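Here is the structure we will look at.
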Amino acid sequence: MTARLRAPGMPRAGLGLALGIALSYAIVLPVRALYGFEPLVDGDAVTIVALLAAPFGFLFGLGAFDYWFYWASGRPTRPEDHSGHGATSWRDYFRVNTDHKVIGIQYTVTSFFFLLVGGALAMLMRAELAQPGMQFVSTDAFNGLFSVHASILIFLFIIPVFAGLANFVLPLMIGAPDMAFPRLNALSYWLLPIAGTMMLLSFLVPGGSFATGWTAYAPLSTDAPLGQLFFTIGVQFAGASSVATALNFLVTIITMRAPGMSFWRMPLLVWANFSTSLLVVIATPFIAASQFFVLLDRALGFNFFVPDRGGDVLMYQHVFWFYSHPAVYIMMLPGFGIISEIISVKARKPIFGYRMMAFSLLAIVVLGFTVWAHHMFVSGMQEWIRVPMMITTAIIAVPTGIKIFSWLATLWRGVLHLDTPMLFALGFLTMFVLGGISGVMLAMIPVVIHVSDTYFIVAHIHYVLFGGSLFTIFAGVYYWFPKMTGRMYDERLGKIHFWITFIGFNLTFGPMHLIGMKGMPRRVADYAEQFAGWNLFISLASFAVGLSTLIFVYNMVASWRGGPRAEANPWRALTLEWQVSSPPPIFNFDQIPTVVGGPYEYGVPGAVHGVFKKPGEVAPAPAGRVATAPKKE
Amino acid sequence: MEAASVAHAEHHHGPPPANQSSRVEPQLLGMLLFIISEVMIFGAFFTAYFFIRVVQGEEWPAAGTELPVAIAGVNTAILVSSSITLHWAESALKRDNRFGFKAGMVVTFLLGATFLFIQVNEYVHIGFSPQDTAQGSIFYGLTGLHGAHVFIGLLLLLFVTIRAFRGHFSSQSHRGVEVPGIYWHFVDVMWIVVYTSVYIL
Ligand SMILES: [Cu+2]
Numbered sequence: 092m093t094a095r096l097r098a099p100g101m102p103r104a105g106l107g108l109a110l111g112i113a114l115s116y117a118i119v120l121p122v123r124a125l126y127g128f129e130p131l132v133d134g135d136a137v138t139i140v141a142l143l144a145a146p147f148g149f150l151f152g153l154g155a156f157d158y159w160f161y162w163a164s165g166r167p168t169r170p171e172d173h174s175g176h177g178a179t180s181w182r183d184y185f186r187v188n189t190d191h192k193v194i195g196i197q198y199t200v201t202s203f204f205f206l207l208v209g210g211a212l213a214m215l216m217r218a219e220l221a222q223p224g225m226q227f228v229s230t231d232a233f234n235g236l237f238s239v240h241a242s243i244l245i246f247l248f249i250i251p252v253f254a255g256l257a258n259f260v261l262p263l264m265i266g267a268p269d270m271a272f273p274r275l276n277a278l279s280y281w282l283l284p285i286a287g288t289m290m291l292l293s294f295l296v297p298g299g300s301f302a303t304g305w306t307a308y309a310p311l312s313t314d315a316p317l318g319q320l321f322f323t324i325g326v327q328f329a330g331a332s333s334v335a336t337a338l339n340f341l342v343t344i345i346t347m348r349a350p351g352m353s354f355w356r357m358p359l360l361v362w363a364n365f366s367t368s369l370l371v372v373i374a375t376p377f378i379a380a381s382q383f384f385v386l387l388d389r390a391l392g393f394n395f396f397v398p399d400r401g402g403d404v405l406m407y408q409h410v411f412w413f414y415s416h417p418a419v420y421i422m423m424l425p426g427f428g429i430i431s432e433i434i435s436v437k438a439r440k441p442i443f444g445y446r447m448m449a450f451s452l453l454a455i456v457v458l459g460f461t462v463w464a465h466h467m468f469v470s471g472m473q474e475w476i477r478v479p480m481m482i483t484t485a486i487i488a489v490p491t492g493i494k495i496f497s498w499l500a501t502l503w504r505g506v507l508h509l510d511t512p513m514l515f516a517l518g519f520l521t522m523f524v525l526g527g528i529s530g531v532m533l534a535m536i537p538v539v540i541h542v543s544d545t546y547f548i549v550a551h552i553h554y555v556l557f558g559g560s561l562f563t564i565f566a567g568v569y570y571w572f573p574k575m576t577g578r579m580y581d582e583r584l585g586k587i588h589f590w591i592t593f594i595g596f597n598l599t600f601g602p603m604h605l606i607g608m609k610g611m612p613r614r615v616a617d618y619a620e621q622f623a624g625w626n627l628f629i630s631l632a633s634f635a636v637g638l639s640t641l642i643f644v645y646n647m648v649a650s651w652r653g654g655p656r657a658e659a660n661p662w663r664a665l666t667l668e669w670q671v672s673s674p675p676p677i678f679n680f681d682q683i684p685t686v687v688g689g690p691y692e693y694g695v696p697g698a699v700h701g702v703f704k705k706p707g708e709v710a711p712a713p714a715g716r717v718a719t720a721p722k723k724e
Numbered sequence: 032m033e034a035a036s037v038a039h040a041e042h043h044h045g046p047p048p049a050n051q052s053s054r055v056e057p058q059l060l061g062m063l064l065f066i067i068s069e070v071m072i073f074g075a076f077f078t079a080y081f082f083i084r085v086v087q088g089e090e091w092p093a094a095g096t097e098l099p100v101a102i103a104g105v106n107t108a109i110l111v112s113s114s115i116t117l118h119w120a121e122s123a124l125k126r127d128n129r130f131g132f133k134a135g136m137v138v139t140f141l142l143g144a145t146f147l148f149i150q151v152n153e154y155v156h157i158g159f160s161p162q163d164t165a166q167g168s169i170f171y172g173l174t175g176l177h178g179a180h181v182f183i184g185l186l187l188l189l190f191v192t193i194r195a196f197r198g199h200f201s202s203q204s205h206r207g208v209e210v211p212g213i214y215w216h217f218v219d220v221m222w223i224v225v226y227t228s229v230y231i232l
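Protein chains in written order, with my numbering: chain E, 92 to 724; chain X, 32 to 232.
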């Protein structure tokens, strides 16, 4: 028993967790005694310290820091024997594993677990909203439901699931044996379940879960019950995880590309994650700071947001949206990358305007930092900021438009393979255009004054994040499922899943535009009689979407356990991850491939992207040129 | 027997070495990116400072309080000299002068610790708290955030010093000194920005 408690792993993690909580008592009680605070044992204070200390105890116990401790103290470090690579049983997914493929699956499965939780919360909300009046939950509980729904799905699903897919695919795509910092990668993953568990635990504390929306505006959040701090601190862990992963991606992409893989030969998924990671590294510290301010105000009585002590309430919104506007691109750009891969492969055509696709990603990164105050048009901020922000917001639609037209031009006269990943890609294209149009409408000050805080906003965000991001995620999961698991999914169930989701999604969120225009406010548990018909309709449609997710889960679980074996390259794709077996060998490549051409030369006779020969045998062609020119006949 | 050992070797063979596609070292690049996000954290705290001091136009420092500009100035000099001694330690290491390296690390660590001690002492005697006014919150927020970075930096320096005394590092392998060193220089430069905007302006 003591041996198991001394070796890194779950038993020691449990011990670490307990020690972390004990440590919080050991810190809080003497400090309160010193200051003479009454009562000596204060649940709030201990909980706040425990929220910070217990996760570190857990991570320490799990062994996330072991190597660094050995290194720091100058003791001999265990040379990497690669025992942390690969997973032979499900138990291997519950320890600190440094293999990017294992981490990718850990990330993806964990975030899909949180999708189901967040979706279940949405179902509860729709049950309550099916009729006017109060049926199932109290108004406070309803506030908690939509707050946790949004926070879980944004911070624990969309952002990390993209990191998960990229974790698996990106090193393979650029011809690297692993990520640049495998141990940091493992730590980034393990911060996630901590953040998610923390947010869900908030339902159990006195006063209920946090109920201030995912935006947690001050001073509402600085006066809220204890549950709020589970958001405030949980977000720090999710944010630290994103920053660490982004840093890892950037270093991996810059320093570990295969010979011949110039920047202009990188697949667009790599470009997309490169841009996203830039956004994360630059923007995420702002949400960390905004939550530090709330924590300091709420826990230690600071005055950042106390107006009569000189504090500035609007400052919260500026700092928060300086992260959270770029965050919508953090939740979208990796999806753009996925769609570029799928559309080119499934239309059997080179991507149209490859360089413009990459440049438009970078343009979005830069412009993304110039629009944050469009979320504050009705907040009472300085009026002169509004028009410039309206103009920049309209401009940022241009690079996005370039991407849409590039995808359309890629599809044009292509040989379309309408299987599940492609259906989701096309579904994304149509839904995202609608979400983009309502987005441009919302950029216009007069429109937003009319529809601010109505269901029109709910419709817009779900067209962008559900019809947009989630569709790309489904597309990506189906597309790489054979590579990740070595099995094929059930195509028929996949198509059924797509059609129910696609139709149910539109029936759910389409009408929200209408009732929003008519003035139904969002974030309310009860509403006027005149909206009853549409709300019942929306609730029924949303249950269909909920059920379709179960089909997806069944398909994934059943296919992973007993689906037919997948070939190495079922989609006849050119990118490097498809040139190795499914699932890939334990170290990805026996030898690093050499890249000799662009990644999307579909339909070009004799085109190759990468070859497996020792470097030197193949002279890499000059960067940016197609190595094998199409023969003219 | 023969076959078994071959299979064993097969099983334990490592990954093929990754291609180095950039002249920049991964550890160095990682630290630079980390520093970018650190700068942004400070940026957010400076945003709060800007909103309260400039946009709201609050008096700075708050009425009836004073900031010890001179003592903090001495403290600034201490931190800046710790950057110089760290540089000295690094160049001693590159010449394989182990005594100079160890002495430089110890002096750097002591200077950093002195800075932190004076900072805490300043909090005790400054006469206002973050609970009094928003200006107080900003003052403690910015200097406290920086103090936390000094603390982390000191831990890194401590690790390097321990390893130095255990005989690690040489003129050939000094990345483990260089990377924490970059962080320490960043903490130093950041302090000059904090000192200028909080104490002088
Ligand atoms: Cu925005």
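The beta carbon of each residue, even a glycine, is placed where N, CA and C say it ideally should be. Since we're looking at a predicted model, the values are computed, not measured.
Less than 8 Å separating the beta-carbons of residue i and residue j?
{"i": "X/A144", "j": "X/L185", "result": "yes"}
{"i": "E/G595", "j": "E/A566", "result": "no"}
{"i": "E/V361", "j": "E/M264", "result": "yes"}
{"i": "E/P490", "j": "E/A454", "result": "yes"}
{"i": "E/T199", "j": "E/V252", "result": "yes"}
{"i": "E/I528", "j": "E/F468", "result": "no"}
{"i": "E/P674", "j": "E/M575", "result": "yes"}
{"i": "E/I249", "j": "E/S333", "result": "no"}
{"i": "E/A329", "j": "E/A315", "result": "no"}
Which residues of chain X have a Cβ atom closer than 9 Å to the Cβ of residue i, listed in chain order?
{"i": "E/P268", "result": "G45, P46, P47, P48 and A49"}
{"i": "E/Q682", "result": "P47"}
Does any residue of chain E have a CB that is nearer than 8 Å to the CB of residue i?
{"i": "X/M136", "result": "no"}
{"i": "X/A75", "result": "yes"}
{"i": "X/S68", "result": "yes"}
{"i": "X/V55", "result": "yes"}
{"i": "X/I157", "result": "no"}
{"i": "X/F19", "result": "Outside the displayed range of chain X (32 to 232) lies residue 19 of chain X, so it cannot be described from this structure."}
{"i": "X/A123", "result": "no"}
For a contact meaning CB atoms closer than 7 Å, what does residue i contact in chain X?
{"i": "E/R725", "result": "In this structure chain E extends from 92 to 724, so residue 725 of chain E is not present and cannot be described."}
Taking Cβ-Cβ distances shorter than 9 Å, what residues in chain E pair up with residue i?
{"i": "X/M221", "result": "Within chain E, no residue comes near X/M221; the closest Cβ sits about 13 Å away, beyond 9 Å."}
{"i": "X/Q162", "result": "L391, G392, F393, N394 and R400"}
{"i": "X/Q203", "result": "Going along chain E, no residue has its Cβ under 9 Å from X/Q203, so there is no contact; the nearest lies around 18 Å."}
Residue i by DSSP, collapsed to three states: which one?
{"i": "E/R504", "result": "coil"}
{"i": "X/R84", "result": "helix"}
{"i": "E/P441", "result": "coil"}
{"i": "X/F197", "result": "Note that residue 197 of chain X is Arg in the sequence shown, not Phe. It is coil, neither helix nor strand."}
{"i": "E/T599", "result": "helix"}
{"i": "E/P612", "result": "strand"}
{"i": "E/T511", "result": "helix"}
{"i": "E/T189", "result": "coil"}
{"i": "X/T107", "result": "helix"}
{"i": "X/T139", "result": "helix"}
{"i": "E/T346", "result": "helix"}
{"i": "X/T227", "result": "helix"}
{"i": "X/H39", "result": "Its pLDDT being 40, under 50, X/H39 is placed unreliably in this model, and the value from its coordinates should be taken loosely. Helix, per DSSP."}
What does DSSP give as the partner residues of residue i in its beta bridges?
{"i": "E/T685", "result": "E/V702"}
{"i": "E/R656", "result": "E/R578"}
{"i": "E/T640", "result": "Per DSSP, none; premise fails for E/T640."}
Just to make sure I have the definition right: I need the residues of chain X whose C-beta is within less than 8 Å of the C-beta of residue i. Which are they?
{"i": "E/L338", "result": "G61, L64, F65 and S68"}
{"i": "E/G384", "result": "Sequence inspection shows Phe at residue 384 of chain E; the Gly mentioned does not correspond to that position. Within chain X, the residues near E/F384 are A79 and G172."}
Chain X beta carbons: is any one of them nearer than 8 Å to that of residue i?
{"i": "E/F156", "result": "no"}
{"i": "E/T367", "result": "no"}
{"i": "E/F246", "result": "no"}
{"i": "E/N188", "result": "no"}
{"i": "E/H416", "result": "no"}
{"i": "E/S381", "result": "yes"}
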